[in-house]
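Residue numbers (numbering that gives the first Met the number 0), protein chains in the order written: chain A, 0 to 329; chain B, 0 to 1151.
Ideal Cβ placement from N, Cα and C applies to all residues, glycine included.
Please read these numbers as outputs of a predicted model, since none were measured by experiment.
Report on the structure given below.
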Amino acid sequence: MSYLFIESAIPQLLCWKSHSREIDFKNMYFPLPPPPPFIGPGILTRTLLNAGVRVVALESHSAFLPNLQSLENSLDGQLKVIYGDFFRLDPLVTGTVKPPAVCSDKLFELLLHTIETDVPVKIFGILPQKKERNTLWRLLFILYECSSIFRYGRVELNIFISEKEYKVLTAKPGESRAYQALSVLCQVGCEIQLLHMEPWSSFVTNLKNKGLAVSKSMWLPNDHLCLVRLTPQRDLFSEGLKPTNSATFIFMVKQCLAKRKSRLTDRLNSWSLDNSGQLLKALEIPADVETGNLYPEDYKRLFEALQNSSVFTESWFHDEVLESIRNINL
Amino acid sequence: MGRQQEPAAPRQSPAQPSGWVEKLKREMYVRQAKVERKLSIAASKMTLVGQANAKVKVKAVPKAKAKVKVKAVPKAKAKPKAKKSPKETKAAAWSQGHASPRPAGLACSKPGVVEVKQVVKAQKHPNVPEKRESNHQKIMQQTIQSNLECLLCLQQPEEAERLLLLYHSSPMKRKLLTIGAYNIVMRSWARKGCLHRFNRVLSMLESAGLRPNLDSYAAALECMGRGQACTKIIWRCVQQLKQDGFHVDELFQKCLFEGDEKETVLRAIRIVQPDYQLPPAPKPQTCKSALLNGFYSKEKVVSYPKLDFSAQELRERFQQQLEMELNSTITIQSVESTKPLTPQALRARKQLAALRAQWRGAILQALQKAKHNMSQKRAMSGYNSLYPYLCLLPDEEYVDIMMQILNTLSPQGESLSVLARELGSKVYDRYLTQRKLRSRQLEKVQEIYQDYIHLLAKDSQPGEYLPREYWEKLVAEAGYGPSLRLKDCSWPYVLLMRLGVYLLEILVHSVKVPRNTLKPHLESRLIPVLYHIYSFRSSWQVGLIKPHPIFSQLVSDAAETTLTFSSSVMPMLCPPIPWTSPHFGAFVLSDTKLMRYVDGAFQHQQLLDQCPQVNLHPVLDALNQLGNCAWKINQPVLDIIISIFNDKGNEKLDIPPPLSEAPKPPVTPGNSSAWHKSQKHELLLCKKKAAEMHSLRMDALYKLSIANHVRDEVFWFPHNMDFRGRTYPCPPYFNHLGNDVTRAILLFAEGRPLGPKGLDWLKIHLINLTGLKKKNSLQERLDYANEIMEEILDSADRPLTGRKWWMNTDEPWQVLACCMEIAQALRSPDPAAFVSHFPVHQDGSCNGLQHYAALGRDLIGAISVNLMPCSVPQDVYSAVAQQVEEFRKKDAAEGLKIAQVLEGFISRKVVKQTVMTVVYGVTRYGGRLQIEKRLKEIDEFPEEYLWEASHYLVRQVFNGIKEMFSATRDIQHWLTESAKLIAQSGQTVEWVTPMGLPIVQPYYRVRSTVLNSNMQNLSVKSSANTNQKPDTVKQKNAFPPNFIHSLDSTHMMLTALHCFRQGLTFVSVHDCYWTHALTVDVMNQICRQQFVALHSQKILQDLSKFMLKKYCSPSKDSRAPWQKKLTEQLSNVPETGEFNLTKVMDSTYFFS
């Protein structure tokens, strides 16, 4: 299996504290050697290399390239280092893509696919704290559009995210603080598996004020760094939901969940939908349900049912959808 | 709520906890403790700490932004107590809920309440009282009072008393009633003359522990007068009044009366004191400011300039203006060319008319139904009910307002909060107008105005009064006094928004359009015209209301040619009412604030009310003078602009093209979902551009249409100011502060002959407008103008068909207008006698830095901003660029790589923006970004060095400025530091300008209130309460620029007043002064004189003294270390340099 490795962005540097700690990733076991706490990215790269896997490392900060490149030269073929920023993957600009922005097809040329499972590539990385939410949205967008890295199959993402984001991704309807559009879209789109939780106190940083740049969270617990595996659902796309109209689905979910206590029928009616009551009955959704109480799967079913109605073909709806995409991609 | 867990055994690994984690834990526990505290109080009914929020639908949400500035260390140092108390809290909190004792070492036998109280205090700075709750309480108090006022206005004393009783009857809720609330209800009964009911309310007031105030007595006497009470009762009342320490005279000096209230009270008093005479009007006071001694002294007789109208004419204009304001809105013709009506347009108009009629009916029905429902539930409702507000105006007026919003909605939609605010404000404005009419205030204003204009009219007598003085004199003579002013009845901002949201919901739900309006083959189902959608720009969701494309299409097909505005948007047709107090002036009926503020912040109004009114006289006089300047339209230029506007517009000339010129997206076949990303992107860009073009076009349309509407008139712009004293005209769309196009259409209504040097000034002004020859002396500019006279005349004679020299200048339209003026003057028989209406401008060069240099007496700095006389104008930007280049050379010689890379790239352009914004307190971070942008624009500059170069340059620019303006940076630093310490001590920064205007910085930690509605939750930010903590960062960063702005506005006002005294016409656009060509020299002299006078005052010393007195008074606990630090900081006024200020008098290029 090939691993694509993403280094986290500066200024956030994490390193493991001393004494050996064993992280048990499911199906993976990495004994960490007890080195003195060494500062610098590459710790996970080295860990993976030590376990014998082939790694393509994507490093966004030019200052750390030489280190990795010397490592690359010392191994023979097991490690490939690319100067690039995963979080600037496939930017929406015309012309040649200048590093550190990266083009996904060039990237994947370097990876060798294995044909054993239909999960050709596993991605490993730490999401930069400040851009966590944004990155998750971008990943979801490209997942639903089946573009960028997801063009090559159901790429599995193993990412380190903060606990509060994990809580949001796995929130259930009715959890007013956590359940939001992101939750619905992630649960519809992927299988979410928690691999490991590591308390923040295990980390030290080299930031000046000795604190971690971890965002404070008022409503959700945020004491851990969580390793979460996101595997795109095999049956995400169907008759109704296709990569070509997924943007509309995303838009619909976002609009509905902007105010979780609003009634679903009110939303549908305000979009000039005819006989929303009948539609909901056919789907066995209670007529006075609030948007924040509807299950993710029901959103998908609702969307598929609405394909037959005229709502989404209204031009103004379409324009709104287009405009909403713009904000994520630019 | 937090997790329920044992504090002694955290589930984290026992590795050494980092400081941050500790802090987070602490904060979680403190929050938890607070929640527990609230619960325990509710449970045990202890009222020591905090207040129970009774039945509130409006939630107060503290602003919780998840930004972390980990400052664990400094806080711990300053308050070592703080660390311990959370642990005590833990114990206390748990001991309340759990029976089991806590680990040893923590005292937990005391009752929870006391310890919790400690926690609360220890967390905060000692001087900031914990008053978070009372912000909410204050809003509720205001809301209740507004409700009661509505009921008073609706003449429903029964209802008012019921509402009062609802709150009075519960000891908890009673806190929400102020004495004002009781007074209002008493007044309601007083209006009916019902003494019996009046007394009931009076006893309620007394049982609440309050004493009647002066207003209460006024109401009592009114009631007695109207109800024809017997002598004994009145006599007892007057005795009571005296016993409470009041005097009968005070009733007429301090209370505000409406309608016939004053006469009724007088009648009542005369029953027991038949010989009672009204107290004489207070003598007019004279301002004692040192700067204005010469101005206000009555020793020299002065005659102020008159307008070129007779009294009769002015009276007629007043009538016209009044009529316009009474109608609330005005409909004018749009300038868009009358294209021949196509059948399509005719059909669309018919459809639209029919639909609009239907909609009016639907909205009316919905409104009436809603009101009916509300009135059924009235017995239950408290202050939350909007019912009184929906009864203030006739139903049709609400419908009018809602239809107006619908008709002016742009196709791009508008945010819900903006629409709600507009709706709420419109209702409020009409309510105020109605009150003014009912209270007969309008009659009185009319009466006074008829006499007032004698001051301004050319055929009338007095000339030696200032407008304000004369108005006050007339008011005193008529005996109107305080009855010319309405009692303050402003609605809290949150209430305004609630009302607006409610009306908006009715609007959105009632207007529908058949689906097949444009496509008859579809079914005719009704769909909503307005839909609500969230937009997720800028990382937050904004609710928008957008019109359905069917409606937008119909409107654009109909191509209607009229525009409707509210009356206060139009320039005034008569001279404005002079400002005589912070509450009264400008428009006849529309309520105008003297000081603009946002979001319902009323700290400014309070400050203005509390300061001695005589201190405000200079500011009021200056505003009056600016407002009294008469304007007219430059018709030839307007016509040319309109012709281009109606053709294809011209982006280069700043005339927005019509939408037909918008870029068309490429036509791609197939289903939209199959499009490539880049195609979608292009489509989006086209849409974005179209939206921008539309809004620019509409802006210009309004402006030009208004200008066209008044093209044959003379009009005035009343002025008011912002919180720093900078002045602005009130009508927003069209005024002389606008862009090049707007300014070119305006002329002074009054003309003056050019005189011997006027023509020269016109020519110099022309060259100034072109932007050429900025570095040349005045003589050289004059010579240049004479050189290119051919071009000037060609532009004037054949603007669109000739060589069009004027189009390639910085300000093409003003250049054109000036060319035409020069051409006319030259061709007249005697140019010196040619009557010119043209405003000539004199600009300060980098005015902010000029003030800084004067404050600090920086010699080098003063030279570079033209405070020193010099034969050519100095350009501070080039000077700084030169200084930076010197630094660079030195560094490059020493081998610094980045300095070598930058060789040849350091230009004026690169440093200009940064130098400009230094005055505004630009930081290194912001400055670096600016420079990076400039360097990026240079193609030859290597990109890989961008970041490093901009860092280096910003350092050098700041160093350069420090070299040249060393005292300036010191002063800035001193101001910033002082502000920081003041804000950290929990107070806001205040100061008084040398002219006497009190200023307060309104930056508080904003409290968001969440309004729940069916459509969306709206978060309303309001900084309405002085009990909140000041926003330290904003307070400190904004103080230096605000201070300098207040100085430059003082300078402007001083210049204005002295120009007025000498009979000049004078208006200003902040640091750009305008007058007739004839009087430019006089204005220049006065401008310099006043600058020297202003800065000859010990401005910084006075500021330091004021602040020491205010923030470090010995009465406060002066032992605290922060207090000492503040005192030290404030006393430490920076030293000044060697520059001799009087040199400014001879500096030609100071303002040029």
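Residues S416, A419, R420, G423, L1010, L1017, V1019 of the same chain have their beta carbon placed closer than 8 Å to that of M496(B), with the five preceding and five following residues left out of the count.
Using a Cβ-Cβ cut-off of 8 Å, A257(A) counts as an interface residue toward chain B, since at least one Cβ of chain B sits closer than that to its own.
Nearest Cα to K961(B) within the set W188(B), P798(B), R484(B), I859(B): I859(B). In this structure the stretch 829 to 837 of chain B does not lie against the stretch 772 to 789 of chain B, because fewer than three pairs of beta carbons, one per stretch, are closer than 8 Å. Listed in chain order, the beta strand (DSSP E) elements of length 3 or more contained wholly in the stretch 599 to 645 of chain B are 629 to 632. Taking a contact as a CB-CB distance under 8 Å, the pair F714(B) and W630(B) counts as one, their CB atoms being some 6 Å apart. For chain A, the residues of the stretch 522 to 541 of chain B that bring a beta carbon within less than 7 Å of one of its beta carbons are R524, I526, P527, Y530, H531, I532, Y533, F535, R536, Q540, in chain order. Look at Q1015(B): its C-beta is under 8 Å from a C-beta on chain A. Taking a cut-off of 8 Å on C-beta distances, the stretch 976 to 988 of chain B does not touch the stretch 865 to 884 of chain B, as fewer than three cross pairs fall below it.
Separation of S1130(B) and S1146(B) (C-alpha to C-alpha, rounded to the nearest whole angstrom) is 33 Å. E790(B) places its beta carbon 8 Å or farther from that of W812(B).
Secondary structure of P546(B) (DSSP, three-state): strand.
According to DSSP, residue pairing for Q841(B) in a beta bridge involves Y1072(B).
Among the residues of the stretch 266 to 296 of chain A, those with a Cβ less than 7 Å away from any Cβ of chain B are S269, W270, S271, D273, in the order of the chain. Taking 8 Å as the CB threshold, S323(A) lines the interface with chain B. Using a C-beta cut-off of 8 Å, the stretch 438 to 458 of chain B makes no contact with the stretch 558 to 568 of chain B, since fewer than three inter-stretch Cβ pairs fall below that distance.
For the stretch 238 to 262 of chain A, the set of positions with a beta-carbon nearer than 7 Å to some beta-carbon of chain B reads T243, N244, K253, Q254, A257, K258 in chain order. By the criterion of a C-beta distance shorter than 6 Å, C229(B) is surrounded by no residue of its chain, once the five residues flanking it on both sides are discounted.
Beta-bridge annotation (DSSP): C225(A) is paired with I160(A), M196(A). In this model, L321(A) and F250(A) are separated by some 9 Å (Cα to Cα). DSSP assignment within the stretch 387 to 470 of chain B yields the following whole alpha helix (DSSP H) runs of 4 residues or more, N-terminal first: 394 to 406, 415 to 437, 440 to 451. In the three-state DSSP reduction, W990(B) falls in the strand class (E or B). At a cut-off of 8 Å between C-beta atoms, E164(A) does not count as an interface residue with respect to chain B. For the stretch 832 to 876 of chain B, the continuous alpha helix (DSSP H) assignments of 4+ residues that do not extend past its boundaries occur at 846 to 855, 858 to 863, in sequence order. With contacts defined by Cβ atoms closer than 8 Å, N292(A) and P172(A) form a contacting pair. For S302(B), same chain residues with a beta-carbon under 7 Å away, outside a window of 5 residues either side, are G462, E463 in chain order.
Not a single CB atom of chain A sits nearer than 8 Å to the CB of K191(B). For M571(B), the beta-bridge partners assigned by DSSP are W715(B). Not a single C-beta of chain B is nearer than 8 Å to the C-beta of E155(A). E319(A) belongs to the set of residues whose beta carbon lies under 8 Å from a beta carbon in chain B. Between the stretch 997 to 1006 of chain B and the stretch 1052 to 1065 of chain B there are fewer than three C-beta pairs closer than 8 Å, too few to call the two in contact. Of all alpha-carbon atoms in Q602(B), H603(B), I576(B), the one lying nearest the alpha-carbon of D590(B) is that of I576(B).
Close CB contacts of K174(B) within its chain, under the 6 Å cut and outside five residues either way in sequence, are absent.
Under the three-state reduction of DSSP, P281(B) is assigned to coil, being neither helix nor strand. Nearest CB-CB separation between L255(B) and chain A: not below the 8 Å threshold.
Excluding the 5 residues flanking it on each side, T1074(B) has same chain C-beta neighbours closer than 6 Å at L1063, T1064, F1065, M1082, in chain order.
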